[in-house]
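Written below as structure tokens is the structure these notes are about.
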Amino acid sequence: MIYLRLFFEFFKTGLFAIGGGLATIPFLTEIGQKTGWYTMQELSNMIAISESTPGPMGINMATYVGFNVGGPLGSLVATIGEVSPSVIIIMLISKIIYKYKDNIYIKNAMAGIRAVCIGLIIYAFFNVFSSSVILLDRYVPGITSINSIIEIRRLIIFIFILICSFIFKKVHPVIWIATSAILGIILFSI
Amino acid sequence: MENKISIKDLYISFFKIGLFTFGGGLAMIPMLEKEIVEKRHWCNEEEILNYYAVGQCTPGIIAVNTATFVGYKHRGIIGGIATTLGVISPSLIIITIIASFIKNFASLTIIQNALKGLGAGVCAIIIPSIIKMFNNSIKSIFLFILAVLSFISVEFFKVPVYLIVIFGIIAGLLYGKVRSNKNDLS
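Residue numbers (this note's numbering), protein chains in the order written: chain A, 3 to 192; chain B, 20 to 205.
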């Protein structure tokens, strides 16, 4: 039964992929090769769409792959399969954290985790920045020119939204997300 | 459990967060801050960062892990399931529509242009959130050094995230022990 298999494969992905959506890609590759449900070409197309539609990328990929394999029910089964392990694990961890939340060891451990997490977030930020604002990921020493790295329109949108979000602190981020999409459509079609 | 928050509200808030997260977990931080911390007061700044930090080093999608934490805190198992379903619902709806009707979605010019704008815009709104998180969690020189070390080890030495987190736990415990007369790091 294909739905059972789909659930099981994605449950495994959800259980072993640590670090978010990108970490699931090697698992999705393996599923495709093992089951023949989709080709690598189809997978890369699904990844592209998952990156360009709303929703966390990891969820989008599970949904899309599931849909291709078993229609709407397939997408539901694959997604539920992928999130089940983490929902269970997080609830267990939550229980422990709340039970011992005033314990000095838990407090100190959490302070340590928060500090390293800040480092990780800043790292993730630079990755996003260098693939969406100043395109450092395209940089090849001696070959690429400055012009191909700095795309002025991306920079304009970045600076504009940055200034706005500092000045109008009360405005919901949804507004800025929508504005930047509209600005992208306008500026890049000129 | 704190005062009762309805299952419906939990679902709707995370539906919204799912709908406006483009890309990976990082993009959801500004939405979490606004919806969960500022507007609803369901968690404070420190808790959100705890959830996000633990969510990074446990299996699964970071957005789902964070959602489960918030839901579970307020309404137990049912709450955790509600927030998780909330954050995945927009994906299920949108991907189903796109997969059925617009197979060339990602190569449409208008979508590509919108995405270029979104990439730059999302990058910008993350900055105030990062500054806030930094101020709220880096309260001593020791924690600052820890953050810098973690950045260096992932950026330059490609150390796996879970090892860095384990290192953070050990460092936090040891430091707490060394200056146990003062007791509290946070």
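Positions of the beta carbon are idealized from the N, C-alpha and C atoms, including for glycine.
{"query": "Residues that DSSP places opposite Pro2(A) in a beta bridge", "result": "With chain A covering only 3 through 192, there is no way to say anything about residue 2(A)."}
{"query": "Below-8 angstroms beta-carbon distance, Ile151(A) vs any chain B residue", "result": "no"}
{"query": "Residue-level contact to chain B via CB, Val130(A), 8 angstroms cutoff", "result": "yes"}
{"query": "Where Tyr30(B) meets chain A, residues with beta-carbon distance less than 8 angstroms", "result": "Those do not exist, as Tyr30(B) stays about 14 angstroms from chain A at its closest Cβ, beyond 8 angstroms."}
{"query": "Neighbouring residues, chain B, relative to Thr55(A) (Cβ below 7 angstroms)", "result": "Ile113, Ile114, Ile117"}
{"query": "Alpha carbon of Val197(B) to alpha carbon of Asn154(B), nearest angstrom", "result": "24 angstroms"}
{"query": "Buried or exposed by the 16-neighbour rule on C-beta atoms within 10 Å, applied to Asn84(B)", "result": "buried"}
{"query": "Three-state secondary structure (DSSP) of Phe176(B)", "result": "coil"}
{"query": "Three-state class that DSSP yields for Phe39(B) in the structure shown", "result": "coil"}
{"query": "Neighbour flag for Ser25(B) against chain A, beta carbons, 8 angstroms", "result": "no"}
{"query": "Short CB-CB distance (under 8 angstroms) between Glu21(B) and chain A", "result": "Note that Glu21(B) scores 49 on pLDDT, short of 50, meaning its location in the model is unreliable and no value can be drawn from it."}
{"query": "Best match in Ile187(A), Val118(A), Leu189(A), Ser86(A) for proximity to Ile171(B) [C-alpha to C-alpha]", "result": "Val118(A)"}
{"query": "Test item: CB-CB of Gly57(A) and Leu8(A) under 8 angstroms", "result": "no"}
{"query": "Buried versus exposed call for Gln43(A) [16 or more other C-beta atoms within 10 Å across all chains shown]", "result": "exposed"}
{"query": "Three-way DSSP call (helix, strand, coil) for Ile185(B) in this model", "result": "helix"}
{"query": "Opening and closing residue of the alpha helix (DSSP H) in which Cys142(B) lies", "result": "128-156"}
{"query": "Nonlocal neighbours in the same chain, by C-beta distance under 7 angstroms from Ala19(A), ignoring five residues either side", "result": "Ala25, Thr26, Phe29"}
{"query": "For Asn149(A) and Ile144(B), the rounded distance between their alpha carbons", "result": "25 angstroms"}
{"query": "Opening and closing residue of the alpha helix (DSSP H) in which Arg59(B) lies", "result": "Taken as a continuous stretch (DSSP letters only), Arg59(B) belongs to no alpha helix (DSSP H), as it is neither H nor E."}
{"query": "Stretch pair the stretch 46-57 of chain B + the stretch 27-36 of chain B: three plus CB contacts closer than 8 angstroms", "result": "yes"}
{"query": "Proximal residues, the stretch 118-133 of chain B versus chain A, C-beta separation under 7 angstroms", "result": "Ala118, Phe124, Ala125, Ile129, Ile130, Asn132, Ala133"}
{"query": "Residues within the stretch 171-186 of chain B neighbouring chain A, beta-carbon criterion of under 7 angstroms", "result": "Val173, Glu174, Val180, Tyr181, Ile183, Val184, Phe186"}
{"query": "Minimum Cβ-Cβ distance from Phe168(A) to chain B less than 8 angstroms", "result": "yes"}
{"query": "Neighbour flag for Trp178(A) against chain B, beta carbons, 8 angstroms", "result": "yes"}
{"query": "When Ser54(A), Phe13(A), Lys101(A) are compared against Thr40(B), the one with the closest alpha-carbon", "result": "Ser54(A)"}
{"query": "Of the residues Ser108(B), Pro147(B), Thr115(B), the one placed nearest Ile163(A), counting alpha carbons only", "result": "Pro147(B)"}
{"query": "Contact between the stretch 54-70 of chain B and the stretch 63-80 of chain A (3+ Cβ pairs under 8 angstroms)", "result": "no"}
{"query": "Pro56(A) - DSSP class collapsed to helix/strand/coil", "result": "coil"}
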